[in-house]
Each structure stands twice: as structure tokens, then as C-alpha cells.
Amino acid sequence: MPELPEVEVIRRGLERFVCGRTIASASVHHPRTVRRHLGGADGFVGALAGRRFEAARRRGKYLWLPLDSGDALLAHLGMSGQLVVVPQDSAAEKHLRARVTFADGGPQLRFVDQRTFGNLMVDPRGATLPALIAHIAPDPLEPCFDDEVFYRALHRRRTGIKRALLDQSLVSGVGNIYADEALWRTRLHWARPTETLTRNEVFVILAAVREVMAAALAVGGTSFDSLYVNVNGESGYFERSLDVYGRAGQPCRRCGTPIRRDPFMNRSAYSCLRCQPRPRRARW
DNA sequence: CCTGCCGCCTGCGCGC
DNA sequence: TGCGCGCAGGCGGCAG
């Protein structure tokens, strides 16, 4: 889905409804879903059968569930992936891609993914930090995230601030929505060259990222439609709190100027040109 | 190395 | 109605 708050909502659901349960069997219904698992669908299913989920962890937008074997089930939801916990006998979802059945006969864990950008894999020695996400930077809600390190990395970059916020090797968990929301809160334009940002500006951006993520988390994340739901299929309510994302043409909540949408990386960047004046030297 | 672009998918809403 | 287009919360791979 989803960005950090939505993935964290899912993680909490998995912790509650899946941890401690033993897997009877797993099945894969679309080959693309396990394309990153080296052993293919058979290896994936074999690595899960009989194992027990021990925990539910997250870094940025990645989720992983350590198993009692020392491996971990690693999930990335991509643009449209959902992890839901539903009764065993409930009808197959249209885009059901994989499922896990439990030995206790209770609700199943299902991976539903319309666009198949998401993926699942069993990562060896994934109990602590899966090897495949080693290149992902800590997310801003982790205690180990170092604001000073982030500032220095930004200072060396030659790109725009929004592109940098979306770069998961600099900071993880930030996506298109929360990048725009945090920049609006800090009154900085998305094309501001990173090397011109002061240390204080960078710290203020990080504080805004944390604020907007915490606020979203408190109400169950952002759901524009039925694609973005928690493990029980319930929507979050943060959409009604968005200040710029998706509000093209509507008045800025601070100054009333119509919110502008600019094409950006085959997607969109939303901003208020009065609150967030475009820098003379813009980068994107 | 670093930066930025393209492709991967399905579905929806819009204008014609 | 139908069709084509643009758009959608992401990221890996690769070219320059």
C-alpha cells in the first residue's frame, strides 16, 4: 500500500492475529507474488509448512514475520497489496495471490494484490533484519534513526528534497502522500535542492514527517478507497486530514491559495505555491 | 559512484 | 456504449 503508517497498522494486526500460530500449509496463486523468492513457489511453500510465526516487525514499508525456523516471511505490499486475516471458508478474493492456513483451523492469512507490484518471500536468517532489506535506511520512527546522519547525506545529494524523501536508502517509510504533507507543513517546495537545506530545515522536515505519520497512525492510516485497509478490512480515516495531497484546485488550509498539482516522476507533487514558493534553482 | 527514467501490473474515471 | 488516455499510496534495474 501504502506508506509507513498504513504498513504499521497492518503490522499491529498481524501481531495480534497471527503471532504464535502454527502454519499448516501455504499456497501461491500467482507466480509474480513470489518472484523474489529464490526457490520459487514450491520452495516458498515448503519453507512455511509446519513453522510458527514468532513476531511481526517492520522497517519503513517492509514487513517481516520471523519464524521458529530462523527464517522470516518478508512482505512488501507495493502499490496495492493487502494482508488480511479472514475465516477459512470465506470466498476467495478476486486478486487473491497467496494464503496461509493455520493448524488451529482459525482465520487464514491472505495476500491480496490487484497490481502484483507487491511480493512475498521467505528470507533465510531473517529473524533480526532480513538480508534483502539491508539497503533500506532506518525509518524516522525508529530510535536508531540519526537526524544528523540524514542531514549530512542530504547535503551530499544533488537532487530535490521530495525525491530524496522518497529515496528509501536515505530514509524509509516516506511515500508520495506523507512527503507532500510534511513539506507543506514545513513550507518548503518539493523541488528545493537538497544541498541548499540548512541543518535546521532538515530537522524541521523530519519533525514534520514524524508528526504527520503519528497523526495518521492514530486514526488507522490513510484510505482513499477499499484498496487500503487493515487486516480486518477496515479503512483508516486520515484522508480527511490531508492538507495538500490530492487537493489540486482546492484552497490551501493556511492561506486559501488553490493547491497546485505538478507532474513529478510519472506521478504528482502537490503544493501551495504561496506557502511553498518555488526555489529559483529547482531540482527534481 | 550518482542521478533519473522506464517498466512492471490492473482498474477506474474521464472526455470524446 | 465504447475506447483511449491518464492516473493511482512503489521500487528494481539500468543507462548515461
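Under this note's numbering, the residues of the first sequence are numbered 25 to 308, in order. Where a beta carbon is used, it is the ideal one built from N, C-alpha and C, also for glycine.
Sub-7 Å separation of residue i and residue j beta-carbons
i, j, result
"Leu101", "Gly142", "yes"
"Tyr175", "Val233", "no"
"Ala239", "Ser196", "no"
"Ser51", "Arg139", "no"
"Ile34", "Leu72", "no"
"Ala96", "Pro90", "yes"
"Arg307", "Gly199", "no"
"Ser104", "Leu251", "yes"
"Asp163", "Tyr269", "no"
"Gly245", "Glu30", "yes"
"Asp92", "Arg81", "no"
"Val146", "Phe68", "yes"
"Leu241", "Glu39", "no"
"Ala177", "Leu194", "yes"
"Asp267", "Arg277", "yes"
"Asp171", "Leu230", "yes"
Burial state of residue i, where buried means 16 or more other Cβ atoms lie within 10 Å
i, result
"Ala155", "exposed"
"Arg305", "exposed"
"Leu62", "exposed"
"His159", "exposed"
"Arg223", "exposed"
"Pro301", "exposed"
"Pro275", "exposed"
"Lys85", "buried"
"Val109", "buried"
"Gly150", "buried"
"Ala218", "Residue 218 is actually Thr in this sequence, not Ala. Answer is buried; the Cβ neighbour count reaches 16."
"Arg291", "exposed"
"Arg59", "exposed"
Proximal residues to residue i (C-beta, below 8 Å), its chain only, five neighbours per side dropped
i, result
"Arg284", "Ala272, Tyr294, Ser295, Cys296, Leu297"
"Thr57", "Arg121, Ala122, Phe135, Asp137, Thr140, Gly142, Asn143, Leu144"
"Arg211", "Cys299, Gln300"
"Lys186", "Ala203, Asp204, Leu207, Trp214, Ala215, Phe288, Ala293, Trp308"
Nonlocal neighbours in the same chain, by C-beta distance under 7 Å from residue i, ignoring five residues either side
i, result
"Ser247", "Val253, Ser259, Gly260, Glu263"
"Arg36", "none"
"Glu27", "Lys85, Gly197, Val198, Gly199, Ile201, Tyr202"
"His119", "Val136, Asp137, Gln138"
Per DSSP, cross-strand counterpart(s) of residue i
i, result
"Asp286", "Ala293"
"His53", "None; His53 has no bridge partner."
"Leu98", "Trp88, Met145"
"Thr125", "Ser49"
"Val110", "Gln132"
"Ser259", "Val253"
"Pro217", "Gly184"
"Arg82", "Leu87"
"Gly105", "Asp137"
"Arg8", "The structure shown does not extend to residue 8, since the chain is modelled only from 25 through 308, so no value can be given for it."
6 Å CB neighbourhood of residue i in its chain, flanking five on each side removed
i, result
"Pro148", "Asp95"
"Pro282", "Gly273"
"Thr125", "Ala48, Ser49, Gln132"
"Arg181", "Ala188, Thr218"
Residue i: CB within 6 Å of a non-hydrogen atom of the ligand MG
i, result
"Val33", "The ligand MG is absent from the structure shown, which contains no ligands of any kind."
Length at least 3, wholly inside the region 130-212: the beta strand (DSSP E) runs in chain order: Listed in chain order, the beta strand (DSSP E) runs fully inside the region 130-212 are 132-137, 143-147, counting runs of at least 3 residues.
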